[in-house]
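Residue numbers for the sequence shown follow UniProt numbering, beginning at 1 and rising by one. For each residue, glycine too, the CB sits at the ideal point set by N, CA and C. Here is the structure we will look at, set down as structure tokens.
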Amino acid sequence: MFLPGNEQEKKDDAIEKRKHLQRVEDLILSRIPPPCIPSATVAVQEIICGDPSCSPIDTAVMIMFESGASGQFGLPMEPCEVNDEELDAFMPPSDIIEEWHKGNEVDWSPFDDNQPEYYLDPQSLRFRVGDKVQCRIGTDPVTGWGNGTVMQLFYRENNWPPGQVAPYKIALEDGRSIFAPQDIPGVIRKPPI
Numbered sequence: 001m002f003l004p005g006n007e008q009e010k011k012d013d014a015i016e017k018r019k020h021l022q023r024v025e026d027l028i029l030s031r032i033p034p035p036c037i038p039s040a041t042v043a044v045q046e047i048i049c050g051d052p053s054c055s056p057i058d059t060a061v062m063i064m065f066e067s068g069a070s071g072q073f074g075l076p077m078e079p080c081e082v083n084d085e086e087l088d089a090f091m092p093p094s095d096i097i098e099e100w101h102k103g104n105e106v107d108w109s110p111f112d113d114n115q116p117e118y119y120l121d122p123q124s125l126r127f128r129v130g131d132k133v134q135c136r137i138g139t140d141p142v143t144g145w146g147n148g149t150v151m152q153l154f155y156r157e158n159n160w161p162p163g164q165v166a167p168y169k170i171a172l173e174d175g176r177s178i179f180a181p182q183d184i185p186g187v188i189r190k191p192p193i
């Protein structure tokens with residue numbers, strides 16, 4: 001059934017989503033090294049993830065250059081949630097972007113792939129095993145959080161690339177086990193008091 005109010009709401013939502021995508025594109029462009037900017041195009045998309053162990057909506061970013069070279073990265077959150085702190089955690093450093101600009105295929109991960117797992121420093125993380133936390137499990141900024149307990153630090157799965165780890169594995173109160181892909185407040189936080 002055609003409902004005019006629903007159509008207007010969909011249009012308004014699409015306009016709002018586009019504003020957030022454009023804001024993220026602008027934030028990323030402002031972080032690209034100046035010599036690379038003239039030939040750079042940034043594409044930001046919202047991706048819905050069907051995997052219950054990951055963020056339900058991710059932001060995918062591709063940086064393309066006139067040479068045909070490109071690089072990509074993702075953020076485990078909706079575009080409306082992306083801010084400077086999250087970009088600091090997930091965006092590749094300038095030297096990687098410069099390599100992409102030169103046409104070099106350089107794999108990049110926010111995790112240090114050259115560092116053996118046993119050298120990871122637990123003191124660098126905000127939470128410890130047994131700490132009560134809230135993890136992002138849904139899209140709603142208020143109800144999209146699940147309470148849980150940190151079960152493991154530096155969690156990894158066998159099918160992940162070498163050196164890639166998630167800071168935490170969490171047992172949710174509803175019985176599920178998930179991992180937090182990054183130690184940032186938009187993904188994992190202290191529960192409210």
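Inset, instruction - With DSSP collapsed to three states, give me the class of Ser30. - result: Your numbering for residue 30 matches position 30 in the sequence shown. Residue state, collapsed to three classes: coil.
Inset, instruction - Go through its chain and collect everything with a Cβ distance to Phe179's Cβ below 6 Å, but skip five positions before and after it. - result: The count along the sequence shown starts at 1 and reaches residue 179 at position 179. For Phe179, where only same-chain residues beyond five positions count, the Cβ hits under 6 Å are Tyr155, Ala166, Lys169.
Inset, instruction - Report the residue from Thr139, Trp145, Glu78, Pro181 whose alpha carbon sits nearest the alpha carbon of Thr59. - result: As a working mapping, residue 59 is identified with position 59 in the sequence shown. Out of Thr139, Trp145, Glu78, Pro181, Glu78 has the C-alpha closest to the C-alpha of Thr59.
Legend entry - Simplified DSSP assignment, three categories, for Ser67: Along the sequence shown, read from residue 1 onward, the residue named residue 67 stands at position 67. DSSP places Ser67 in coil when its eight states are reduced to three.
Inset, instruction - Enumerate in chain order the residues of its own chain whose CB-to-CB distance from Ala171 is below 7 Å, with the five nearest sequence positions on each side excluded. - result: Here residue 171 is taken as the residue at index 171 of the sequence shown, counted from 1. So the list reads Gly148, Thr149, Met151, Ser177, once near-sequence residues are dropped.
Inset, instruction - Starting from the C-beta of Pro191, find all residues in its chain whose C-beta is less than 7 Å away, skip the five residues before and the five after it, and write them out in chain order. - result: Stepping through the sequence shown from its first residue, residue 191 is reached at position 191. Here the set comprises Lys132, Val133, Gln134, Asn147.
Inset, instruction - Sort out for me which residues DSSP pairs Arg136 with in a bridge. - result: Mapped onto the sequence shown, residue 136 falls at position 136. Answer is Trp145.
Inset, instruction - Have a look at the DSSP bridge pairing and note the partners of Met62. - result: Numbered from its first residue, the sequence shown carries residue 62 at position 62. Paired residue(s): Ala43, Gln72.
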